[in-house]
Each structure stands twice: as structure tokens, then as C-alpha cells.
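When you line the sequence shown up against the numbering used here, it's residues 90 to 392, in that order.
First the structure, in the form of C-alpha cells, and then the observations on it.
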Amino acid sequence: MKYLHIPGGQDDPPIDAVMWSPCARAPEHVQIRALTIPAVPDCPIAGESLPLVIISHGYGGWYLGHHDTAEALADSGFVVVAINHPYANYADMSRANGLSVLIARPADIKRTIDFMLTDFRDSARIDPQRIGFYGFSQGGYTGLVLAGANPDFSKLPSRCADPKAVGCPQTSQARPPRPSPILQTLTHDHRIRAMVVAEPLSIVFQTTDSVKDVTVPLQVWGSELGGGGGASPEDVATLIHVLPKKPDFRIVPKAVHMSFLTMCPKIDTSSQACIDAPGFDRAAFHRTFNAEVVAFFQRNLGE
90 MKYLHIPGGQ DDPPIDAVMW SPCARAPEHV QIRALTIPAV PDCPIAGESL
140 PLVIISHGYG GWYLGHHDTA EALADSGFVV VAINHPYANY ADMSRANGLS
190 VLIARPADIK RTIDFMLTDF RDSARIDPQR IGFYGFSQGG YTGLVLAGAN
240 PDFSKLPSRC ADPKAVGCPQ TSQARPPRPS PILQTLTHDH RIRAMVVAEP
290 LSIVFQTTDS VKDVTVPLQV WGSELGGGGG ASPEDVATLI HVLPKKPDFR
340 IVPKAVHMSF LTMCPKIDTS SQACIDAPGF DRAAFHRTFN AEVVAFFQRN
390 LGE
């Protein structure tokens with residue numbers, strides 16, 4: 090495991106990230122905040138021509154929110170990079186409630202891929218023809234846009250409780266949505282050859298036209314019980330119906346929206362992100378989930 094810092098540009102903020110990769114040494118227990126993670130800090134990358142998977146967190150999440158999935162992929166021969174989306178992560182939510190972050194999210198991933206293929210010191214160990222993506226909730230939205238989808242932001246449930254939030258209109262300045270100029274600024278990246286999305290923000294992709302260009306091999310996971318704004322079981326089901334190529338779609342019985350986050354430390358089980366439905370075993374589910382995600386990427390990013 091290695092921390093990465095992706096430099097900013099004239100108009101782009103820097104991005105903090107964590108990388109997992111195959112390692113020849115046995116992992117140790119690494120304490121990060123309340124989490125205990127099996128890892129070898131700064132271990133040299135083992136292998137050549139390795140596939141790359143980028144991870145995008147959900148609303149208010151962070152780069153360790155899916156660390157168990159990243160570990161499973163790295164143990165199976167993948168280089169994995171999870172980022173903190175600027176201004177929209179657990180430590181800095183200053184722009185999380187506006188459209189600006191939804192527009193910036195796909196660009197954050199593109200910049201991360203650019204960095205890993207060009208400026209990263211071990212970029213020669215990565216196969217640029219084998220790039221995958223995993224995203225949860227708003228991270229799932231991020232992946233669909235990267236794959237070619239064009240969202241209808243007028244369908245978004247309101248999160249602009251503070252009208253001064255960046256990207257939220259002032260009450261006196263509210264206007265009907267004008268999607269065309271926004272869509273022109275969205276980032277698509279067809280270097281991504283396979284994609285897994287869990288509980289994606291789907292309410293903005295409810296027509297065949299919005300997803301007509303999404304043809305990448307796609308695995309979609311949904312919860313039976315829901316709980317994510319704009320990612321209800323009904324919204325996800327409609328997304329599946331309108332996609333031009335039917336994905337590998339899995340509905341997880343008794344799961345709620347947050348069940349896709351990594352297991353919580355015992356000291357933090359009362360957090361909303363840690364509460365599952367009665368009878369649901371998150372650890373057991375994640376063992377199955379991680380194995381299926383690894384198998385999907387192996388099938389679709391194989392040599």
C-alpha cells in the first residue's frame with residue numbers, strides 16, 4: 090500500500106489517493122485512524138504489464154471505504170488506486186452538495202488514469218490496455234459518465250440544504266435546468282475497458298438516450314432494501330432496463346445501500362454507514378462480493 094498525491098493544475102485541485110499492488114512480502118497490520126488494514130507500506134510493485142483498477146467513493150466517502158475490495162484485487166494481480174474526490178470527501182465536504190462536484194468527478198478519474206500512465210514512477214509496470222473501474226453510489230454515477238452516459242441533472246433529489254453551497258442556485262436566481270452546456274463539460278474516458286458499479290446514483294439515467302453510448306462490459310450490484318438518495322431499487326432497475334447492453338446484474342438480498350462499504354471497526358458500529366438490516370452479515374457478503382468483482386475483472390481485463 091502506498092499513498093499517492095496527484096498534483097493539481099491551473100484549474101484542477103490536487104488529488105490524494107491510496108494505491109494497492111501485488112507485493113512479494115507478507116502483509117502486516119497497519120493502523121489508519123480506526124481501521125486495521127493488512128498491508129505492506131511502500132512495498133515495491135511485483136510484476137509487469139499489470140491491469141489497473143480505479144476506485145471512486147460515494148457521497149461523503151473516502152479512499153479507504155472499499156479497502157477490502159482493493160486488497161482482494163491487489164492480491165489477484167491488479168494495481169488499484171482509490172482517490173479522495175476533492176471537496177467531496179469525509180474530510181472536506183465544502184462542495185459536496187452542488188452540481189460542480191458531479192461534473193468534476195469523472196474528470197478526477199481521468200486525471201488519475203493520466204497520472205498512473207505517465208507521471209507515476211512505475212507507470213511502465215501498468216498495461217494501458219487493461220484499465221478497469223469500480224464505483225459506489227455517486228462513484229457508480231461517475232463510472233457511468235466515464236463510460237459515455239449523459240445524466241439528466243433535473244432529476245436529482247435536492248441536497249442543496251445550504252443555498253450557498255458551490256453549484257447550488259441562489260433562491261432568487263433559480264432557473265429551469267439547461268443540460269446541454271453542462272453535458273458538454275462532462276468527461277468520458279474510453280480507456281476504461283471494464284466496470285463494476287454498486288448502488289449507482291441512477292435517477293439521472295432513466296432514459297435509453299442517457300445511456301445509449303454505454304457499451305463497456307459492466308457489472309451492476311444493487312441492494313434489495315435500498316436507502317441511497319437517487320439510488321433506490323426502482324431507480325437501479327430502470328437503469329438496467331434502459332442500458333443498450335444488459336449488464337451482469339446482481340441484487341443482494343437483505344442488503345441496504347451502505348452494505349457495500351467495508352466492514353466497520355467495532356468502536357464505530359453505531360454510525361449510519363455501519364448499520365445493516367437484521368440478519369445481514371456484511372463480512373460474509375463482502376467475501377462473496379470481492380470474489381465476484383475479482384472474477385469479473387479477470388474475465389474482462391485478461392491478457
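Beta carbons are placed, not taken as given, at the ideal position from N, Cα and C, and that holds for glycine.
Own chain, CB closer than 6 Å to H156, minus 5 neighbours either side, in chain order: As a first step, residue 156 is located in the sequence shown; it is residue number 67 there, counting from the start. Answer for H156: I126, T351, listed in chain order.
Nonlocal neighbours in the same chain, by C-beta distance under 7 Å from L390, ignoring five residues either side: Walking along the sequence shown from the start, residue 390 turns up at place 301. Taken in chain order, the residues that qualify are P140, R219, G221, R282, A283.
Nonlocal neighbours in the same chain, by C-beta distance under 6 Å from G136, ignoring five residues either side: The residue you call residue 136 lines up with position 47 of the sequence shown. Same-chain partners within the cutoff: P111.
Residues near R339 by beta carbon distance below 6 Å, same chain, minus five either side: Along the sequence shown, read from residue 1 onward, the residue named residue 339 stands at position 250. Counting only Cβ-Cβ distances below 6 Å, and skipping sequence neighbours, we find W310.
Rounded C-alpha distance that separates V305 from R280: Numbered from 1 along the sequence shown, position 216 holds the residue referred to as residue 305. Numbered from 1 along the sequence shown, position 191 holds the residue referred to as residue 280. Cα to Cα, V305 sits roughly 10 Å from R280.
Stretch pair the region 178-198 + the region 106-120: three plus CB contacts closer than 8 Å: no
Y179 at chain D interface by Cβ criterion, 8 Å: Any reference to chain D falls outside this structure, which holds one protein chain only.
Spatial neighbours of W151 in its chain, beta-carbon cut-off 6 Å, leaving aside the 5 residues before and after: On the sequence shown, position 62 is the one that residue 151 refers to. N173, N178, Y179, listed in sequence order.
Cβ-based burial, T296 [other Cβ within 10 Å; buried from 16]: Taking the sequence shown and counting its residues from 1, the one referred to as residue 296 is at position 207. T296 comes out exposed.
Exposure of G368, with buried meaning 16 or more beta-carbon neighbours within 10 Å: For the purposes of this step, residue 368 is taken as residue 279 along the sequence shown, with counting starting at 1. Looking at its Cβ environment, which holds fewer than 16 other Cβ atoms inside 10 Å, G368 is exposed.
Identified DSSP bridge partners for G315: Taking the first residue of the sequence shown as 1, we reach residue 315 at position 226. G315 is bridged to V345.
Bridge-paired residues (DSSP) for L93: Position 4 of the sequence shown, counted from the first residue, corresponds to residue 93. According to DSSP, which records beta bridges pairwise, L93 is partnered with A106.
Cα-Cα separation, F225 to Y148: Here residue 225 is taken as the residue at index 136 of the sequence shown, counted from 1. Here residue 148 is taken as the residue at index 59 of the sequence shown, counted from 1. Each residue's Cα considered, the two are about 9 Å apart.
Coil, strand or helix - R282 by DSSP: Stepping through the sequence shown from its first residue, residue 282 is reached at position 193. It is a strand residue.
Three-state secondary structure assigned by DSSP to L162: As a working note, residue 162 is residue 73 in the sequence shown. Of the three classes helix, strand and coil, the one that applies to L162 here is helix, per DSSP.
Beta-carbon gap between G318 and S291 smaller than 8 Å: The residue labelled residue 318 in the question sits at position 229 within the sequence shown. The residue labelled residue 291 in the question sits at position 202 within the sequence shown. The answer is no: Cβ separation not under 8 Å.
Enclosing alpha helix (DSSP H) for R210 [first to last residue]: Here the question's residue 210 lines up with position 121 in the sequence shown. From DSSP, R210 is part of no alpha helix (DSSP H); its letter is neither H nor E.
Sheet register partners of V173 (DSSP bridge): Counting from 1 along the sequence shown, the entry for residue 173 is found at position 84. With the sequence shown as reference, residue 173 is identified as Asn, and Val is not the correct amino acid for it. DSSP lists D105 as partners of N173.
Assigned exposure category for V345 - 16 Cβ within 10 Å defines buried: On the sequence shown, residue 345 is found 256 positions in, with the first residue counted as 1. Buried, by the Cβ-count rule.
C-beta contact flag for P289 and L307 at 8 Å: One-based indexing of the sequence shown puts residue 289 at position 200. One-based indexing of the sequence shown puts residue 307 at position 218. Not a contact, by the Cβ cut-off of 8 Å.
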